[in-house]
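>
There are 2 protein chains.
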Amino acid sequence: MRIVVDAMGSDQYPGPDVGGAVLAAREWGDEITLVGNEDLIQAELAKHVTSGLKLEIVGASEVIGMLDKPGESSQKKTDSSMHVGMSLVRAGQADGFVSAGNTGAVLAVALLQTLKRIRGVKRPALTAVFRNPTGYTIMADFGANADCRPEWLVQFGVMANQYAKLGLGIAEPRVALLSNGEEEGKGNSLVHDALPLMQAEKGFHFVGNMEPKEVLLGETDVIIHDGFTGNIMGKSLEAMGSMMSRLIREEIKASPISLVGGALASSAFQRVRKRVDPFEVGGAILLGVDGIVIIGHGRSNDVAVKNAIRQARQAIQGNVVEAIKSGF
Amino acid sequence: MRIVVDAMGSDQYPGPDVGGAVLAAREWGDEITLVGNEDLIQAELAKHVTSGLKLEIVGASEVIGMLDKPGESSQKKTDSSMHVGMSLVRAGQADGFVSAGNTGAVLAVALLQTLKRIRGVKRPALTAVFRNPTGYTIMADFGANADCRPEWLVQFGVMANQYAKLGLGIAEPRVALLSNGEEEGKGNSLVHDALPLMQAEKGFHFVGNMEPKEVLLGETDVIIHDGFTGNIMGKSLEAMGSMMSRLIREEIKASPISLVGGALASSAFQRVRKRVDPFEVGGAILLGVDGIVIIGHGRSNDVAVKNAIRQARQAIQGNVVEAIKSGF
Numbered sequence: 023m024r025i026v027v028d029a030m031g032s033d034q035y036p037g038p039d040v041g042g043a044v045l046a047a048r049e050w051g052d053e054i055t056l057v058g059n060e061d062l063i064q065a066e067l068a069k070h071v072t073s074g075l076k077l078e079i080v081g082a083s084e085v086i087g088m089l090d091k092p093g094e095s096s097q098k099k100t101d102s103s104m105h106v107g108m109s110l111v112r113a114g115q116a117d118g119f120v121s122a123g124n125t126g127a128v129l130a131v132a133l134l135q136t137l138k139r140i141r142g143v144k145r146p147a148l149t150a151v152f153r154n155p156t157g158y159t160i161m162a163d164f165g166a167n168a169d170c171r172p173e174w175l176v177q178f179g180v181m182a183n184q185y186a187k188l189g190l191g192i193a194e195p196r197v198a199l200l201s202n203g204e205e206e207g208k209g210n211s212l213v214h215d216a217l218p219l220m221q222a223e224k225g226f227h228f229v230g231n232m233e234p235k236e237v238l239l240g241e242t243d244v245i246i247h248d249g250f251t252g253n254i255m256g257k258s259l260e261a262m263g264s265m266m267s268r269l270i271r272e273e274i275k276a277s278p279i280s281l282v283g284g285a286l287a288s289s290a291f292q293r294v295r296k297r298v299d300p301f302e303v304g305g306a307i308l309l310g311v312d313g314i315v316i317i318g319h320g321r322s323n324d325v326a327v328k329n330a331i332r333q334a335r336q337a338i339q340g341n342v343v344e345a346i347k348s349g350f
Numbered sequence: 023m024r025i026v027v028d029a030m031g032s033d034q035y036p037g038p039d040v041g042g043a044v045l046a047a048r049e050w051g052d053e054i055t056l057v058g059n060e061d062l063i064q065a066e067l068a069k070h071v072t073s074g075l076k077l078e079i080v081g082a083s084e085v086i087g088m089l090d091k092p093g094e095s096s097q098k099k100t101d102s103s104m105h106v107g108m109s110l111v112r113a114g115q116a117d118g119f120v121s122a123g124n125t126g127a128v129l130a131v132a133l134l135q136t137l138k139r140i141r142g143v144k145r146p147a148l149t150a151v152f153r154n155p156t157g158y159t160i161m162a163d164f165g166a167n168a169d170c171r172p173e174w175l176v177q178f179g180v181m182a183n184q185y186a187k188l189g190l191g192i193a194e195p196r197v198a199l200l201s202n203g204e205e206e207g208k209g210n211s212l213v214h215d216a217l218p219l220m221q222a223e224k225g226f227h228f229v230g231n232m233e234p235k236e237v238l239l240g241e242t243d244v245i246i247h248d249g250f251t252g253n254i255m256g257k258s259l260e261a262m263g264s265m266m267s268r269l270i271r272e273e274i275k276a277s278p279i280s281l282v283g284g285a286l287a288s289s290a291f292q293r294v295r296k297r298v299d300p301f302e303v304g305g306a307i308l309l310g311v312d313g314i315v316i317i318g319h320g321r322s323n324d325v326a327v328k329n330a331i332r333q334a335r336q337a338i339q340g341n342v343v344e345a346i347k348s349g350f
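Top to bottom, those sequences are chains A and B.
In this text, residue positions in the first sequence follow the numbering used here: the first is 23, and each later residue adds one.
In this text, residue positions in the second sequence follow the numbering used here: the first is 23, and each later residue adds one.
#1: Does the Cβ-Cβ distance between serine 109/A and aspartate 28/A come in under 7 Å?
#2: Just to confirm before moving on: does the CB-CB distance between asparagine 253/A and phenylalanine 164/A stay below 7 Å?
#3: According to DSSP, is isoleucine 317/B helix, strand or coil?
#4: Quick one, are the C-beta atoms of leucine 62/B and aspartate 312/B less than 7 Å apart?
#5: How many Å lie between arginine 196/A and arginine 321/B at the Cα?
#6: What separation, rounded to the nearest whole angstrom, lies between the Cα atoms of glycine 74/B and valine 44/B?
#7: Are there 16 or more other CB atoms within 10 angstroms of the CB of threonine 55/B, so buried, or fewer, so exposed?
#8: So who's on the other strand from threonine 149/B, going by DSSP bridges?
#9: Rounded to the nearest angstrom, what separates glycine 318/B and serine 288/B at their Cα positions?
#10: If distances are taken between C-alpha atoms only, which option among Gln34/A, Gln184/A, Ile86/A and Gly249/A comes closest to valine 128/A?
#11: Would you mind sorting glutamate 204/B into buried or exposed? The rule is 16 or more other CB atoms within 10 Å of its CB.
#12: How about glycine 126/B and glycine 340/B: do their beta carbons lie closer than 7 Å?
#13: Shorter than 7 Å from the beta carbon of serine 289/B to some beta carbon of chain A?
#14: If we call anything under 7 Å between Cβ atoms a contact, is asparagine 167/A one with arginine 139/A?
#15: Would you kindly report the start and end of the unbroken beta strand (DSSP E) that includes methionine 255/B?
#16: Whose Cβ in chain A lies nearer than 8 Å to the Cβ of threonine 251/B?
#17: Examine the Cβ distances between the region 241–253 of chain A and the region 238–245 of chain B and report whether three or more of them are shorter than 8 Å.
#18: My guess is that valine 315/B and phenylalanine 119/B are in contact by the Cβ rule of under 8 Å, so how many angstroms apart are they, rounded?
#19: Could you confirm whether any beta carbon from chain A is found closer than 7 Å to the beta carbon of alanine 330/B?
#20: Please classify glycine 157/A: is it buried, with 16 or more other beta-carbons within 10 angstroms of its beta-carbon, or exposed?
#21: Could you tell me which of Ser102/A, Val71/A and His70/A sits nearest to glutamate 84/A, measuring between CA atoms?
#22: Output yes if chain A places a C-beta closer than 7 Å to the C-beta of glycine 284/B; else output no.
#23: How would you label serine 211/B, buried or exposed, when you count the other beta carbons within 10 angstroms and need 16 or more for buried?
#24: Quick one, are the C-beta atoms of alanine 113/B and valine 26/B less than 7 Å apart?
#25: Check whether the Cβ atoms of glycine 225/B and valine 180/B sit closer than 7 Å, and answer yes or no.
#26: What residue range is occupied by the uninterrupted beta strand (DSSP E) comprising threonine 55/A?
#27: Give me the chain B residues within the contact set of alanine 276/A, using Cβ-Cβ distance strictly less than 8 Å, ordered along the chain.
#28: What are the uninterrupted segments assigned as alpha helix (DSSP H) that are 4 or more residues long and contained completely in the region 206–242 of chain B, given in chain order?
#29: Counting C-beta neighbours from all protein chains within 10 Å, is the total for glutamine 6/A 16 or more, i.e. buried, or is it exposed?
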């Protein structure tokens, strides 16, 4: 297995990107190709013990940054680490691509310049995977398509279902449609129109409309929504989680007694964070393009990049792209 | 001031509804009219000390329950407590109406059967008010209109701005548009189309597109969105808050040491709850109908009903309906 890692992806590139690649190469023994500025990558690799690891460097002269416009940069910076990295996957020289870079740019380069869409897929879906108290939940679409048509949502369901099964090992994934109420009459016009199509689809086990509360409790494995609503939901969950953690820290520090209490309860807080941490998974798979692409958070550290590489490994081992192709 | 309270509103009616009315009459000395089944209301009132309070009962023979369909029940149950109560406001015999009942039904009865829309208002907006760490945030629309047109969002901004000023006492409310990114290129087509209209509107101080995180931190006083997205965001915030509280309780109980820690830190947890409690405010005002209507949570207890009555008082004192009328 060979995985390409964008060395120029994360906010603090190439540190976390190279560090994560080293961790992954050490843990799993895969071949890892680092793409980007060769000097920078060499200098970064020199900080690690890399003997015996299957690490390779492929040069790319340009960098697409977080502030670059996706459409424009994907067209102009054709020797970027994203272009070079995904072209290796396209050419069959690598099995998957991982980047902690500009999400919109990865999407544009994958879709328009390199891997292209799988035949029959109308629109790709960006996923997000969060940890609920009992397992994982896959959100799709998380932002690739701000406006959606009902039939696209059905396709997101088909693709996310395959990923849940083959990439995350969920035996019989439940697929639900995000709505503001479980009753069939609830929802906006997109939900109204998508509901009968989702019910009629044979490609997944559909469990109906679902509200955020039940999604969060893990009552579905896959939740389907347009990219705008899904992004708002995901960001709301994350924002509320961070704010509560911050307020708890602040208020515990506000008195000596609660400070002692907080110290005694710190293991409990750590367990809570493990049970709801939205970052634990590492990255999001881009479904519907002809190759494995995992997009990590810009704020990734070494471990987060390693986790994103693990996601790529699992999707490659599960043959997710072939499974999706066979469904269309 | 006379406020009508729907005695048949809450999940546990008439207990919390009557109890809240008694608390309000005692605290502020207003005249309060309880509408609903007279025998039930009398029996409930007998549990309280009511001498000297200005409480009155008006009979209504029907009840619209939480499971009733809004459209159907608003047309058929024309002697419901909602119909009778809002007709009193319509006739000028009362200044505002408070119900902890079926939100969709209150909306339908207000809009189609009794108070009707203010001239010039294209669609009413349901609000939600949540406590952020530094003050209050008004969300509009919270679910009255699942699908919206760009110009409706502008009207929601005009109405919510008046309510923020006159009903909640925010001197110069900031108004923002909910989006999945602050940049102008972000958003779905509704946000794209609404943005220039919001920027051009003189009726409020517009601060641009805003993501959930910044909304939650209190960087705007009013956040505008379609009713579907707003409802999903609000429910996501609430769900995450409840889940974190629950997990913290569970994990603190999981070991004797953290249990002691949790007890010592309990005042800190209480302060956190005060700073982010989405329920503290009590109810949501329905903006754009020709009268003050406050809708409380079905799960309201006595204090929540009292708080909803306070919201009605403040909106009446602020002359919110007249202010909105003058803006159209």
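Just so it is clear, CB atoms sit at the ideal spot from N, CA and C, and this is done for glycine as well.
Checking against the coordinates, here is how it stands:
#1: Taking the first residue of the first sequence as position 1, residue 109/A is located at position 87. Taking the first residue of the first sequence as position 1, residue 28/A is located at position 6. No, they are not a contact pair.
#2: Taking the first residue of the first sequence as position 1, residue 253/A is located at position 231. Taking the first residue of the first sequence as position 1, residue 164/A is located at position 142. Taking 7 Å as the Cβ cut-off, asparagine 253/A and phenylalanine 164/A qualify as a contacting pair.
#3: Numbered from its first residue, the second sequence carries residue 317/B at position 295. It is a strand residue.
#4: Taking the first residue of the second sequence as 1, we reach residue 62/B at position 40. Taking the first residue of the second sequence as 1, we reach residue 312/B at position 290. Note that the C-beta distance between leucine 62/B and aspartate 312/B is not below 7 Å.
#5: Position 174 of the first sequence, counting from 1, holds the residue named residue 196/A. Position 299 of the second sequence, counting from 1, holds the residue named residue 321/B. Rounded to the nearest angstrom, the two C-alpha atoms are 30 Å apart.
#6: In the second sequence, counting from the first residue as 1, residue 74/B sits at position 52. In the second sequence, counting from the first residue as 1, residue 44/B sits at position 22. Glycine 74/B and valine 44/B: Cα-Cα distance of roughly 11 Å.
#7: Taking the first residue of the second sequence as position 1, residue 55/B is located at position 33. It counts as buried.
#8: Reading the second sequence from its first residue, position 127 is the one you call residue 149/B. DSSP, once it has assigned bridges, lists Ala162/B as partnering threonine 149/B.
#9: Along the second sequence, one-based indexing puts residue 318/B at 296. Along the second sequence, one-based indexing puts residue 288/B at 266. Answer to the nearest angstrom: the Cα atoms are 28 Å apart.
#10: In the first sequence, the residue the question calls residue 128/A occupies position 106. It is Ile86/A.
#11: Here residue 204/B corresponds to residue number 182 of the second sequence, with the count starting at 1. Per the 10 Å Cβ criterion, exposed.
#12: Your numbering for residue 126/B matches position 104 in the second sequence. Your numbering for residue 340/B matches position 318 in the second sequence. Their beta carbons are not under 7 Å apart, which means glycine 126/B does not touch glycine 340/B by this criterion.
#13: Translated into the one-based positions of the second sequence, residue 289/B becomes position 267. Output row for serine 289/B: interface = yes.
#14: Along the first sequence, one-based indexing puts residue 167/A at 145. Along the first sequence, one-based indexing puts residue 139/A at 117. Taking 7 Å as the Cβ cut-off, asparagine 167/A and arginine 139/A do not qualify as a contacting pair.
#15: Translated into the one-based positions of the second sequence, residue 255/B becomes position 233. Careful: methionine 255/B lies outside any beta strand (DSSP E), inside the alpha helix (DSSP H) at 249–275.
#16: Against the second sequence, residue 251/B aligns to sequence position 229. Neighbours of threonine 251/B on chain A, chain order: Phe250, Thr251 and Ile254.
#17: no
#18: Residue mapping note: residue 315/B aligns to position 293 of the second sequence, counting from 1. Residue mapping note: residue 119/B aligns to position 97 of the second sequence, counting from 1. Sure, about 5 Å apart at Cβ, within 8 Å.
#19: The residue given as residue 330/B occupies position 308 in the second sequence. Chain A, which has no Cβ nearer than 7 Å to the Cβ of alanine 330/B, makes this no.
#20: The residue given as residue 157/A occupies position 135 in the first sequence. It is exposed - the Cβ of glycine 157/A has fewer than 16 other Cβ atoms within 10 Å.
#21: Locating residue 84/A in the first sequence gives position 62, counting from the first residue. For the residues Ser102/A, Val71/A and His70/A, the minimum Cα distance to glutamate 84/A belongs to Ser102/A.
#22: Against the second sequence, residue 284/B aligns to sequence position 262. Interface residue (Cβ-Cβ distance to chain A less than 7 Å): glycine 284/B is classified as such.
#23: Position 189 of the second sequence, counting from 1, holds the residue named residue 211/B. Here serine 211/B is exposed, its C-beta having fewer than 16 other C-beta atoms within 10 Å.
#24: For the purposes of this step, residue 113/B is taken as residue 91 along the second sequence, with counting starting at 1. For the purposes of this step, residue 26/B is taken as residue 4 along the second sequence, with counting starting at 1. Going by C-beta atoms, alanine 113/B is not nearer than 7 Å to valine 26/B.
#25: Position 203 of the second sequence, counted from the first residue, corresponds to residue 225/B. Position 158 of the second sequence, counted from the first residue, corresponds to residue 180/B. Taking 7 Å as the Cβ cut-off, glycine 225/B and valine 180/B qualify as a contacting pair.
#26: Taking the first sequence and counting its residues from 1, one reaches residue 55/A at position 33. First-last of the beta strand (DSSP E) with threonine 55/A: 53–58.
#27: Here residue 276/A corresponds to residue number 254 of the first sequence, with the count starting at 1. Under the 8 Å cutoff, chain B gives Ala290 and Arg293.
#28: 211–222 and 234–238
#29: With chain A running from 23 to 350 in the structure shown, residue 6/A is simply not present.
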